[in-house]
Amino acid sequence: MTTTEVTPRSAGTASALTRTHSLRQVLQVQSFQILLVLLVIFLIFAAMAPEVFPTWGNVRQIIQNVSILGVLGIGMTFVIVTSGIDLSVGSNLVFSGVVAAKVMQSMGDTGWGTAFVGIIVSVSCGLGWGLLNGVLIAKAKVPPLIVTLGTLGGALGLAQVITGGVDIREVPAVLQDTIGYGNVPGTTLPTISLIAMVLIVIFGIVLHRTRFGLYTFAIGSNEESARRVGVKVDRQLISIYALSGALAGVAGILSLAQYGTTAIAGQSATNLNVIAAVVIGGTSLFGGVGTIFGTVVGLFIPAVLQNGFVIVGVQPFWQQVAVGAVLVAAVYVDQRRRAAAARGHSAKDDGRTRLFGRRSN
Amino acid sequence: MTTIPVLEARGLTRSFGNVRALDGADFDVNAGEVVALIGDNGAGKSTLVKALSGNLALDSGQILFAGGEVELTSPSHANSLGIETVYQDLALAPHLNAAQNMFLGREIPKPGLQGRLGFMDNKAMRLKSREAFDELGATVRSLSDPVGSMSGGQKQAIAIARAVAWAKGVIFLDEPTAALGVVQTRNVLDTIRRVRDKGVGVVFISHSMPHVIDVADRVQVLRLGRRVATYEAKRTSVEELVGAMTGALDGAQS
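Printed below as a string of C-alpha cells:
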C-alpha cells in the first residue's frame, strides 16, 4: 500500500470528485444509454410519421398510458434493488380496485366524499397485500418469487370471488372526470400523469438521497453485511414490499378512474411489463444497482414502440417482439459492461479472485 | 493481572445439535492489549467471536464488559458498547462506496427537519471517512466508487478503518491477514499496534503463528471449545503454541 503517493491527491480533490460522481450515480451509464435508445426510437417514428407522431397530442397519449405503470414501477424498482421481485402488483391493483369500487358502489353517491373513501380503501388494500408479502419474505423467509406468486393468485382469486367474476363499471364521475380523463387545470397535462410524476420524484429522492434508500441498496448489495452492521433488514424489507403494495393500491384507484371499470382480466401481464421496464432501465435483478429514472425510461420504450407501430401501420403485435429484444439486449449490455469493468480494474486493483495468486507488485 | 478486563467471558457454552462448539470457554482481554486467539479448525474461535460480538445466543455462561455483566443480544448492541468486529468476509456492501460503508447503520443525519426525514449529511460522513482512512494510512483512492471494484487490500482497509473508528472498547479481527500480501499484512499488523496504543483491546485471530508472536501481548489457545492455555507472547514459541493447539503438549502440562 503506497500511501504517500495517493492519499494527498484524493484528499485534496475529494469534494470535487464526489460531486461529479453523485451526478454519475443519478445518470448511471445504463439508464443513460437506454435514454439514447428511447430517443433514437422516437426520432425514427418522428421521421416516418412527422405529421402525427411527434405532436403533443400523441406524446400526451403516450405519457397518459405510461402513468399507471409508472406508479407500479416505483415500488418494483425498490423491490428489485433489494434483489427481490414482486409478481403480485397486477393482481394487487385489481383487488384494490375491486374493493374500492365495491365500497364506493355501496355508498351510492358519486361525489368527492365517496371518491375519497375509495382512494383510502384502495391504498389500504394494496398496503395490506404488501405487508403480507413483506412479512412472509422477511420473517417467514419464503423466497419473494414464491410469496408474490402466491399473493398474485390470492389477490386475483379474491377479486373474482368478491365480484363473481363480473367487472364493476360504476365509478364515481368525479374520479373519472378529474383524475381519469381530466387535465391539470390550465394545462393539457393529464392529471393522472401529474400524480405519477409527483410520486416518481418523491420516491426518486427517497431512493437516491435518504437513509431508507441507502438501506435498500445495502440489502440488495449484501444482506448479511447490512444485518451485521446493524441495519434492521427485516423491517426494511417489510417496508419496501408494503410500499410496493401501497403503490399498487394507488394504481388500482387510478386504473378505476381511467378505465371506469375494474378490468379484472386486464392486468395479467402487468407485473411482467413492469419488471421488464425496471430491468431495461438498468436495475439489476441481482440487487444493489438501480435508478427510478431508468425505470421511467424503461417504461417509455414499450409504450413508444406500441404507439409508433400503430401510427406507422405496423401490426402492434410486433411491439412485444421488439420489447423482448430490447429487454434481452439491455441485460446483455449490462453484463458486458460489468465484465469489462471487472477486467479493467483487475489490471491494477484486481478483484479478490486474483488476489490469492499474483499479488506481488 | 489485577486490572479488570475490558471484556471477559466465563464458561460460555453453545451447542449446535450434538456438536459442542463452546464447552465452558473462558476468555479475557484488557484495554490496550493485543490478545491473539488461536486454535485449530473447529476449536471454537469463530463461535466465540460471534458470541462476543452479539451474533450468537449462548446456552450458558457469562459475558462481562468492563466488569459488569452484559447480555449481547445483537451486533448493534455490541457496537453500542464499543465492541467492533472485522469479519473474515469483511461485511461490506460491494455496491456502496467507502464512505457509505463506513457509516452504514450509523449514518449522520442532516441537522433539523431534513435529518428527521431521513436525509444524510454525506459531506460530514465523507470528511470523517477520509480522516479515518488517513489516520490508518489506508490507501482508499476514492470515497465515491463502489467498494466492490476495489482491491482486496483496499476493502480490508475500509473494513478495518470502520471497526477502528467505532471501537471504543474491544475490536475483533477475524483472520485479517489471511488474504493479504506481504506489504498489506505488515500494514495490518502496524494498525493493530496503533489501535492498541489508543487503549482499545484488540483480539487477533490468526493461523499464522509468526504474526501472532510478532504482534500479540498474550496468546490464548482454544481447543475443543475450551481455553486450554494462555501464554505471554514474548515467552513462548511457535512450537509451544502449535503443541497447545493440537494437544501434543497435554502430557507435558501439569
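Protein chains in written order, with the working numbering: chain A, 171 to 531; chain B, 44 to 297.
We put the beta carbon where it would ideally sit given N, CA and C, even for glycine.
Same chain, Cβ closer than 6 Å to residue i, five either side skipped, listed in chain order
i	result
B:Leu265	Gly82, Ala86, Gly87, Lys88
A:Gln437	Gly260, Leu263, Val264
B:Ala204	Ala175, Phe176, Leu179, Ala181
B:Tyr274	Val262
A:Leu315	Ile255
A:Arg397	Val403
B:Ala142	Met168, Arg169, Ser172, Leu186
B:Thr289	none
B:Val113	Ile106
Assigned exposure category for residue i - 16 Cβ within 10 Å defines buried
i	result
A:Val368	exposed
B:Ser11	Residue 11 of chain B falls outside the range modelled here, since chain B spans only 44 to 297, and no answer is possible.
A:Tyr411	buried
A:Tyr502	exposed
A:Leu197	Because A:Leu197 carries a pLDDT of 48, less than 50, the predicted location of this residue cannot be relied on, and the following value inherits that uncertainty. Exposed, since its Cβ has fewer than 16 Cβ neighbours within 10 Å.
A:Thr358	exposed
A:Gly494	exposed
A:Ile365	buried
B:Asp240	exposed
A:Phe487	exposed
B:Phe59	exposed
A:Gly278	exposed
A:Val448	buried
B:Arg278	exposed
B:Asn1	Since the first residue of chain B shown is 44 and the last is 297, residue 1 of chain B is not available in this structure.
A:Gly227	exposed
A:Ile238	buried
A:Lys309	exposed
B:Arg236	exposed
Test item: CB-CB of residue i and residue j under 8 Å
i	j	result
B:Ala208	B:Val129	no
A:Val459	A:Thr453	yes
B:Ser96	B:Ala121	yes
B:Asp69	B:Arg53	yes
B:Arg269	B:Gly67	yes
A:Ile370	A:Ile462	yes
B:Thr90	B:Leu99	yes
A:Ser294	A:Gly400	no
A:Gly300	A:Leu413	yes
B:Gly134	B:Ala202	The residue you asked about is not Gly; residue 134 of chain B is Ala in the sequence shown. The answer is yes: Cβ separation under 8 Å.
A:Gly483	A:Gln428	no
B:Asn84	B:Val49	no
B:Leu232	B:Val258	yes
B:Gly161	A:Arg381	yes
A:Thr247	A:Leu377	yes
Same chain, Cβ closer than 8 Å to residue i, neighbours up to 5 away in sequence not counted
i	result
A:Gln505	none
B:Val281	Met252, Pro253, Ile256
A:Val305	Ile408
A:Arg179	Per-residue confidence for A:Arg179 stands at a pLDDT of 37, beneath the threshold of 50, marking its modelled position as unreliable; the derived number appears in the next sentence. The answer is none, since no qualifying residue turns up.
A:Gln200	Gly451, Gly452, Gly464, Ala500, Val503, Asp504, Arg507
A:Asp347	none
A:Thr333	Val268, Lys272, Thr432, Ile434
B:Lys93	Leu99
Own chain, CB closer than 7 Å to residue i, minus 5 neighbours either side, in chain order
i	result
A:Thr280	Pro342, Ala343, Val344
B:Gly158	Pro152
B:Asp188	Asn140
A:Ala492	Leu475
A:Leu328	Phe265
A:Val312	Leu306
A:Phe456	Ser253
Below-8 Å beta-carbon distance, residue i vs any chain C residue
i	result
B:Leu139	Of the chains in the structure shown, none is chain C; the protein chains are A and B.
Touching by the beta-carbon criterion (3+ pairs, under 8 Å), the region 237 to 248 of chain A and the region 464 to 474 of chain A: With the cut-off at 8 Å, the region 237 to 248 of chain A and the region 464 to 474 of chain A touch.
For the region 192 to 207 of chain B and the region 106 to 118 of chain B, state whether three or more C-beta atom pairs, one from each stretch, are separated by less than 8 Å. no
Please determine if the region 259 to 268 of chain A and the region 319 to 339 of chain A are in contact, where contact requires at least 3 C-beta pairs separated by less than 8 Å. yes
Minimum length 4: unbroken alpha helix (DSSP H) runs contained in the region 380 to 437 of chain A: 381 to 391, 393 to 398, 403 to 429
Does the pairing of the region 211 to 220 of chain B with the region 124 to 143 of chain B give three or more beta-carbon distances under 8 Å? yes
Length at least 4, wholly inside the region 243 to 290 of chain A: the alpha helix (DSSP H) runs in chain order: 259 to 277
Taking three-plus beta-carbon pairs below 8 Å as touching, is the region 136 to 151 of chain B in contact with the region 159 to 172 of chain B? yes
Please confirm if the region 231 to 238 of chain A is in contact with the region 197 to 211 of chain A, defined as three or more CB-CB distances below 8 Å between the two stretches. no
Restricting to runs no shorter than 4 residues, where is the alpha helix (DSSP H) found entirely within the region 184 to 242 of chain B? Here the runs fully enclosed are 195 to 209, 225 to 240.
Three-pair Cβ contact test at 8 Å for the region 318 to 325 of chain A versus the region 422 to 437 of chain A: no
Ordered list of alpha helix (DSSP H) runs contained in the region 58 to 130 of chain B, each at least 4 residues: List check, alpha helix (DSSP H) in window: 88 to 95, 118 to 123.
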